[in-house]
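Residue numbers (my numbering): 2 to 1154.
Backbone N, C-alpha and C define an ideal beta-carbon position, used for all residues, glycine too.
Just below is one structure, and these are the notes that go with it.
Structure, rendered in structure tokens:
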């Protein structure tokens, strides 16, 4: 036995395997009985068998029958004659008859296996138990056993160099054969080793050196008696199980755990390792799981760890007994401490471990090197690095990675460091990976919920299991998402890493189920914090990461560049221009964009954003109801955020402006619009802001849904806060902003600054525009976009918030509807809002392309009538074609609205303002003195110019413009602001039907003229009289009269040019000429006008000599009046001549006196 103690730690288990058996071709076993004589059995042909036997219990002394603590070193027993049979012993005859089939009675080993494999509750006589013990002890202590091994395994020994080199007679040969049993191909040798191991493992006291190394630990842990006594030998497997549990408790630092000596630890692990191929050899587990094996693994052949793996796979089945589950968990924990305890894993990965040097790290303790986690990390690193790992090894790794994810208790670090978190938050969730996912979920809550050590252990476990490489590793995720994968991701091969990306693409969609959504986000939270856990990203970007971010191997860490910072480094280089250099490869950039799209779905998937904005999220976004809205919320409160958070939100927004496809939720919502209108730009792999620009331009298409419209508008509103958030604008105008608008950050202020510069250069006819051509082009796009929604112009929106609530509360934002509502209610606006709206209208009239409603409603008409017109002349062109038969009614109505607006103030009519630049201060100075810069003149200046037009005192250009205004206003009373203001009541009372007419053709004006005598309000009467006065100057100003007399003008006044009352005078002369026959309607209308003018002359006498002269010159009877005036002047002259002669004579007479 002295030699036994020399066995190395890796060969602890079987150095005493010295059985004397040989299997013949007919399967008959020739053995030595326990006899008292030192006799040699006759050798069968072809085999030399040296054997020794031990006496039966009946033939031994009392001392020999009571093996105490030194049973292994007991004195040699007496020998008996050869041919001893266990079946002949009276002590065991009853048990054999009851438990073992008769055909096995001739084979001692078969009977031994039959009796020792019975259930623990089966009663075997105590004398028979002692007999079996002594028999097995004799088999394992005879020094001549090696001769049997040499004879039976001759071929195998020569093939295995390590065993051939062993010195005979020392007890090492059999240990070597057991250690290399995986390489044994000879059937008889294999059966010999298998039989011997089954005998050895039936009782821990038969294992060489085990007693000596673990005696103190067995007693300290109270693992049971080390003597047989009355203890059933079948329970001796519990002693090893007890030691294994103690080893696990110590590793997990459980309360009350005791320290196990290093030598005993090695012995325990070696026992577990050598019992790894056949579950029969783990006696405790064998008896605990016999029924479960029959239930779940009936068809699974024993050997090579197959039964273990089958039971592991069914560990969490409801039908699995708790005792078996506990035994399986203990064995799995041992595997986690030393991968060699798994026969199949050690065998499958042996060559790969050697190839990639996973067990030669001299700087690492052997205990750590043997750990399953180290093996997994080492081989995963090789696989991720592009090296080939055998398929068999990868399959085994897959099983154990799934095992780690399924049961958190297999990781001592999790049990040790997360004990509080599990007790407080995750109790009762042990099975199928639920506890681990519970820890993942609370891990998202930060240090307030989870301790740093627990978080670190959790991250390490996820890296070891590497579920990102294959979603099936995460059983909880796999089960939760099975239905989603079958419907949404069925086109992807099962186990492909892109399955996770597919699931992320369908996050928050109707195909996603709630349980899958939660499990997916819990896992992605950790994957997002270590770029290596996304295998596709790592594969495509490892070269770029090494070149740009100075990373190391897959399972190596770098304090200067932790895993969470690598992705930030990659995406900073992803959007660099060629000029900036150091860009990502195309494949890597695609993957970075994919990750960014996923991160945009939930703020927790962006580590930097969550870290810097945790407090701001709680402060501003705690009530956001829907997932994925956190970033939008932070963007909405950008000015209120802490500086660190504001910086990271700003950077993400800049990134979104270049590639809006990062906003996955927005892209889903806008899919119909993108497919219908923007598919060309969406298909570009490199987005430069074109897609968002296209969405903005098509925001009001019928395919646009509410979610997409809200998302696009939100992005527009965010862009207003910083011009950098608009990628195309920033790119086009960056240099112009730095030169012309430094220190201005808000986009709206930058747009105003640049627009003002462009407008000033244009008005001053500058030789060279200060704003570049590309910037001016993009500036126009930005101005048009801003005109679409009042919220995109913050100053205007803030000024009119109260008015919007009061007057436009039911009007939706967007499509310039709110702005249009405020324009229509302009008279009811507060002063501040009124001023802003007036300024807006002034800009729009100068540049009609900024009038969103006009350009939208009249889009097709502009194409039809004004394709050649400049942008600033679009409204003028539309006005000229307003009465065309081809004019769209809606556009015509919109043109009328704009004409009404223009006529309220000359400043809103840039053409009139330019034409009458000299006339307005000359004739209307009293009106200008009363006006303020930001309020309308309510048509007073235009009314003033109308009167001067009637007096024919305007300049030609101004006269032409006023004539147009008069002609338009004559057809629609709404185009005369003063008439509307002063005659509102009269129109509603005297002319309701005419005012309600859909098409205005001068009916209201004619009604007021006809009812002139009924008008009571002086101001209204004055306006009507002014209309009559204006109509005398130009018949076109009187549409009713012009329509009635159109034929007569053509026949009698065709040669007379219009204007200055010439055609009206022609008609009046024709009316007085009895030789001319006018049309009845024309004659009637002319007579009506003469009466009106007569009344007007009475009611409104001339205010001065100039007015009197003008009335005479414009009067139809001006020739008669002039004749009378001339006769009067002649008469006065004659009287003067006569009176002058008389007075002259009187004066002479007085002188003569």
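Same chain, Cβ closer than 7 Å to residue i, neighbours up to 5 away in sequence not counted
{"i": "residue 611", "result": "604, 605"}
{"i": "residue 549", "result": "570, 574, 583"}
{"i": "residue 1135", "result": "none"}
{"i": "residue 763", "result": "none"}
{"i": "residue 1061", "result": "953, 1034"}
{"i": "residue 359", "result": "376, 379, 380"}
Residue i versus the options, residue with shortest Cα-Cα distance
{"i": "residue 133", "options": "154, 93, 149", "result": "93"}
{"i": "residue 310", "options": "642, 277, 655, 284", "result": "277"}
{"i": "residue 287", "options": "821, 328, 596", "result": "328"}
{"i": "residue 222", "options": "196, 187, 258", "result": "258"}
{"i": "residue 1010", "options": "863, 527, 980, 95", "result": "980"}
{"i": "residue 572", "options": "538, 110, 553", "result": "538"}
{"i": "residue 461", "options": "413, 359, 863, 906", "result": "413"}
{"i": "residue 932", "options": "905, 855, 383", "result": "905"}
{"i": "residue 774", "options": "874, 730, 432", "result": "730"}
{"i": "residue 803", "options": "781, 835, 777, 788", "result": "835"}
{"i": "residue 940", "options": "982, 968, 920, 1070", "result": "982"}
{"i": "residue 480", "options": "502, 866, 407", "result": "407"}
{"i": "residue 690", "options": "779, 737, 95", "result": "779"}
{"i": "residue 96", "options": "129, 519, 1006, 705", "result": "129"}
Cβ separation of residue i and residue j, assumed to be a contact under 8 Å, to the nearest whole Å
{"i": "residue 1", "j": "residue 289", "result": "Residue 1 is absent from the model: the chain starts at 2 and stops at 1154."}
{"i": "residue 253", "j": "residue 417", "result": "5 Å"}
{"i": "residue 444", "j": "residue 473", "result": "About 22 Å; that fails the 8 Å criterion."}
{"i": "residue 871", "j": "residue 665", "result": "Contact flag wrong, Cβ pair sits at about 42 Å."}
{"i": "residue 411", "j": "residue 333", "result": "5 Å"}
{"i": "residue 1031", "j": "residue 950", "result": "7 Å"}
{"i": "residue 674", "j": "residue 726", "result": "At roughly 21 Å, the Cβ-Cβ gap does not stay under 8 Å, so residue 674 and residue 726 are not in contact."}
{"i": "residue 521", "j": "residue 482", "result": "7 Å"}
{"i": "residue 895", "j": "residue 858", "result": "5 Å"}
{"i": "residue 536", "j": "residue 385", "result": "6 Å"}
{"i": "residue 345", "j": "residue 306", "result": "4 Å"}
{"i": "residue 397", "j": "residue 350", "result": "6 Å"}
{"i": "residue 902", "j": "residue 842", "result": "6 Å"}
{"i": "residue 298", "j": "residue 265", "result": "Contact flag wrong, Cβ pair sits at about 32 Å."}
Unbroken alpha helix (DSSP H) run spanning residue i, endpoints
{"i": "residue 293", "result": "291 to 297"}
{"i": "residue 551", "result": "Segment: none, residue 551 is in no alpha helix (DSSP H) and carries neither H nor E."}
{"i": "residue 621", "result": "608 to 621"}
{"i": "residue 853", "result": "853 to 858"}
{"i": "residue 491", "result": "Segment: none, residue 491 is in no alpha helix (DSSP H) and carries neither H nor E."}
{"i": "residue 1040", "result": "1040 to 1045"}
{"i": "residue 730", "result": "728 to 741"}
{"i": "residue 375", "result": "373 to 385"}
{"i": "residue 397", "result": "392 to 407"}
{"i": "residue 767", "result": "Note, residue 767: premise wrong, no alpha helix (DSSP H); not H, not E."}
{"i": "residue 795", "result": "795 to 808"}
{"i": "residue 683", "result": "680 to 683"}
Cβ shell of residue i (< 8 Å), same chain only, five flanking positions each side left out
{"i": "residue 86", "result": "34, 106, 107, 109"}
{"i": "residue 1016", "result": "984, 987, 991, 1009, 1022, 1025"}
{"i": "residue 464", "result": "378, 531, 533, 534, 556"}
{"i": "residue 922", "result": "929"}
{"i": "residue 1", "result": "This structure does not reach residue 1, given that the chain is present from 2 up to 1154, and the question cannot be answered."}
{"i": "residue 159", "result": "165"}
Neighbourhood of residue i by C-beta distance below 6 Å, restricted to the same chain and skipping five residues each side
{"i": "residue 786", "result": "697"}
{"i": "residue 607", "result": "600"}
{"i": "residue 864", "result": "none"}
Proximity test, residue i beta-carbon vs the ligand MN heavy atom, cut-off 7 Å
{"i": "residue 692", "result": "Here there are no bound small molecules, and the ligand MN is not part of this structure."}
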